[in-house]
């Protein structure tokens with residue numbers, strides 16, 4: 309079976325408990341649009357810069373946020389985590405373009421990255437296999453009911469996801485695609 313014949317995996321939030329929605333927008337991404345070259349991984353000719361994200365309308369009781377970017381279409385059997393940013397304070401409402409760098413510039417105190425599937429503790433842009441179907445990139449801001457997830461930067465994205473299953477009050481989701 310070729311990569312092109314494998315079918316479309318479900319959206320990650322189709323298989324997780326339903327949560328209310330709130331709003332997320334971006335100066336860099338358009339919901340339903342194509343990932344711009346700035347947010348594409350350098351291995352695919354991009355600039356590997358995390359996008360600007362701004363959110364509003366989160367529910368009462370939000371104590372912190374987690375930001376993720378996930379590709380459910382990666383040919384891995386488990387998708388591909390491009391960005392996992394943990395413990396943003398509940399007062400946060402925006403991340404500037406480039407805040408996902410490993411330098412932590414633009415991040416509120418106490419926020420940190422866990423290792424993405426690229427291997428680094430930073431944003432890793434879109435880079436589907438050349439010739440594959442367009443991949444979906446699901447950027448999510450999770451409104452969390454605790455000030456800290458009580459994990460550390462050495463855990464995997466799956467451990468973050470496990471904790472989010474018990475602490476997510478609502479989600480703001482922006483979906484984009486990219487084909488290489």
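Residue numbers (my numbering): 309 to 488.
Note that the Cβ used here is the ideal one computed from N, Cα and C, for glycine as well.
Nothing here was measured: the structure is a model prediction, and the numbers come from that model.
| Asked | Found |
| --- | --- |
| Going by DSSP, which residues form a beta bridge with residue 412? | DSSP lists no partner for residue 412. |
| Can at least three beta-carbon pairs, one atom from the region 459 to 469 and one from the region 401 to 410, be found at a separation below 8 Å? | no |
| So, using beta-carbon positions, are residue 354 and residue 434 closer together than 9 Å? | yes |
| When burial is assigned at 16 or more other CB atoms within 10 Å of the CB, is residue 329 buried or exposed? | exposed |
| Tell me which residues share the same chain as residue 385 and place their Cβ nearer than 7 Å to its Cβ, disregarding the 5 neighbours each side in the sequence. | none |
| Quick test of the definition: if touching needs 3 or more C-beta pairs under 8 Å, does the region 355 to 373 touch the region 433 to 452? | yes |
| Residue 322 by DSSP, collapsed to three states: which one? | helix |
| Run through DSSP, which three-state label would residue 345 get? | helix |
| Spatial neighbours of residue 309 within its chain, please: CB distance less than 7 Å, with the 5 preceding and 5 following residues excluded, ordered by chain position. | Here the model assigns residue 309 a pLDDT of 38, short of 50, so the residue's position is not dependable and the matter cannot be decided. |
| Indicate the three-state DSSP secondary structure (helix, strand or coil) for residue 484 in the structure shown. | strand |
| For residue 352, name the three-state secondary structure that DSSP assigns. | helix |
| Kindly list the residues whose CB is nearer than 7 Å to the CB of residue 395, restricted to its own chain and excluding five residues on each side of it in sequence; keep chain order. | 372, 418, 419, 420, 456, 457 |
| My output table needs one value for residue 375: the three-state DSSP class, helix, strand or coil. | strand |
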